[in-house]
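Engineer:
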Amino acid sequence: MAAWLATSMASFPKPDQIRWALLSAPLAISRMTTENFGSPGAYLSIDGKTIVFNCQDRLCALDTSKSDAGQSAIRLVRSSQGDEPTQSAWVMVNKVKYLLATVGSRLALLKP
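In terms of the numbering used here, the sequence shown opens at residue 29 and continues consecutively.
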């Protein structure tokens, strides 16, 4: 899966969408607007089903398997705003998948 930020003509040049495509079907591009969560920002993390991205200096997760549900496919992972965008990475601990991210200048394991 590949994912990227995109913009509509209404919000140009500020991104307001997450777009993604499976590498096995690169012409089938899916998209989700993020208006209820703010403008998406830098640092996308993908695990094949979930896309984690910064939204108004918070951390949001988009479940691509629920993209037909609209905005309810997006949820906040971290609701507090940070001073700068949060970098994150997927890790496995005891066969459980977590998101490793900084929260309050400390590393934390988050469950999106």
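No residue lacks a Cβ here, since even glycine has one placed at the ideal position from N, Cα and C.
Please read all numbers here as calculations on a predicted model, not as lab measurements.
Assign residue 129 to one of three DSSP states: helix, strand, or coil.
Structural biologist: Position 101 of the sequence shown, counting from 1, holds the residue named residue 129. Reduced to three states, the DSSP call for residue 129 is strand.
Engineer: Tell me, which residues are paired with residue 78 by DSSP?
Structural biologist: As a position in the sequence shown, residue 78 is number 50, starting the count at 1. Bridge partners of residue 78: 91.
Engineer: When the Cα of residue 125 is compared with those of 78, 106, 108, which residue comes out closest?
Structural biologist: The residue given as residue 125 occupies position 97 in the sequence shown. For the residues 78, 106, 108, the minimum Cα distance to residue 125 belongs to 78.
Engineer: Assuming residue 73 and residue 117 form a contact by the criterion Cβ under 8 angstroms, report the distance between their Cβ atoms to the nearest whole angstrom.
Structural biologist: Numbered from its first residue, the sequence shown carries residue 73 at position 45. Numbered from its first residue, the sequence shown carries residue 117 at position 89. Between residue 117 and residue 73 the Cβ distance is about 6 angstroms, and since that is below 8 angstroms, they are a contact.
Engineer: Classify residue 101 as helix, strand or coil using the three-state DSSP reduction.
Structural biologist: Taking the first residue of the sequence shown as 1, we reach residue 101 at position 73. Three-state DSSP puts residue 101 in a helix.
Engineer: Can you find the residues in the same chain that come closer than 6 angstroms, C-beta to C-beta, to residue 115, ignoring five residues on each side of it along the sequence?
Structural biologist: Here residue 115 is taken as the residue at index 87 of the sequence shown, counted from 1. Taken in chain order, the residues that qualify are 71.
Engineer: Identify which residue in 105, 111, 49 has its Cα closest to the Cα of residue 93.
Structural biologist: As a first step, residue 93 is located in the sequence shown; it is residue number 65 there, counting from the start. Comparing Cα positions, the closest option is 49.
Engineer: Nearest CA to the CA of residue 31: which residue from 122, 133, 91, 108?
Structural biologist: As a first step, residue 31 is located in the sequence shown; it is residue number 3 there, counting from the start. Ranking 122, 133, 91, 108 by Cα distance to residue 31 puts 91 first.
Engineer: Beta strand (DSSP E) containing residue 120: first to last residue?
Structural biologist: Translated into positions along the sequence shown, residue 120 becomes position 92. Residue 120 -> beta strand (DSSP E) spans 116-121.
Engineer: For residue 84, which residues of its own chain have a beta-carbon under 6 angstroms away from its beta-carbon, when the five flanking residues on both sides are left out?
Structural biologist: Residue mapping note: residue 84 aligns to position 56 of the sequence shown, counting from 1. Around residue 84: 66.
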